[in-house]
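Undergrad: Structure in structure tokens, see below.
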Amino acid sequence: LILSGFLTQLFGRENPLGLSARLVFEQSYSEVEGDSASSAELYALLSALSDIPLRQSVAVTGSVDQRGQVQAVGGINEKIEGFFAVCQAAGLTGEQGVMIPAGNLSDLMLREEVVEAVRQGQFHVWAVADIAEGIELLTGLPAGAPLGDWHGGAPHFDEGSVFERADRRLQAMAEKAQLSLPQADRKAFNTAL
421 LILSGFLTQL FGRENPLGLS ARLVFEQSYS EVEGDSASSA ELYALLSALS DIPLRQSVAV
481 TGSVDQRGQV QAVGGINEKI EGFFAVCQAA GLTGEQGVMI PAGNLSDLML REEVVEAVRQ
541 GQFHVWAVAD IAEGIELLTG LPAGAPLGDW HGGAPHFDEG SVFERADRRL QAMAEKAQLS
601 LPQADRKAFN TAL
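In the numbering used here, the protein residues as written are 421 to 613.
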């Protein structure tokens, strides 16, 4: 429900979403379990909707709320050090790193070899507060600021942004859904819009 709520709040203000997204994460509050992949799932969904690939050299952790705020998670040091070990074994490129919730910065107590790799620019730890910051880091493109009035068919987000491309795709899906309805139901669908 959290991801559906975020998508509806961001993209469904004027038109119904032609998509249903449901994910369930069992929350146990132990060190490395729970909903800490929910932000990664949302980034993957935004990537699919916008047809913009995500950087594959970045590990992602963080839960997300319905407003798109990335929330702190448990086991942050183990997650960073685990991905660092994988990258180190494969060979550090200077592109790899872990994106974490900004709320976890005060929890960092990383091994010295990880800290040194970060100092040398061979590995990175990025802290983000919200989904917009994260999608920009993962795509290299602006997330997209909402534009004024949501009525009249004008674009809802900055041109070429991730959110604008996802919104355009969702609008096309809604139009296809409408066209698949019997003629009598299309009138009711148009009234709902």
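Ideal placement from N, C-alpha and C gives every residue a C-beta, glycine not left out. What you are looking at is a predicted structure, and each value in this text was computed from that prediction instead of being measured.
1. Which class does Asp550 belong to by DSSP, given the choice of helix, strand or coil?
2. Taking three-plus beta-carbon pairs below 8 Å as touching, is the segment 463-470 in contact with the segment 503-515?
3. Could you tell me which whole alpha helix (DSSP H) segments of length 4 or greater appear in the segment 457-495?
4. Candidates Asp471, Ala479 and Arg475: which alpha carbon is nearest Ser458's?
5. Do Gln486 and Phe426 have their CB atoms nearer than 8 Å?
6. Do you know how far the Cα of Ala594 is from the Cα of Ser600?
7. Output the distance between the C-alpha atoms of Arg588 and Val534, rounded to the nearest integer angstrom.
TA: Reading it off the structure:
1. strand
2. no
3. 458-470
4. Ala479
5. yes
6. About 10 Å.
7. Their Cα atoms are separated by approximately 41 Å.
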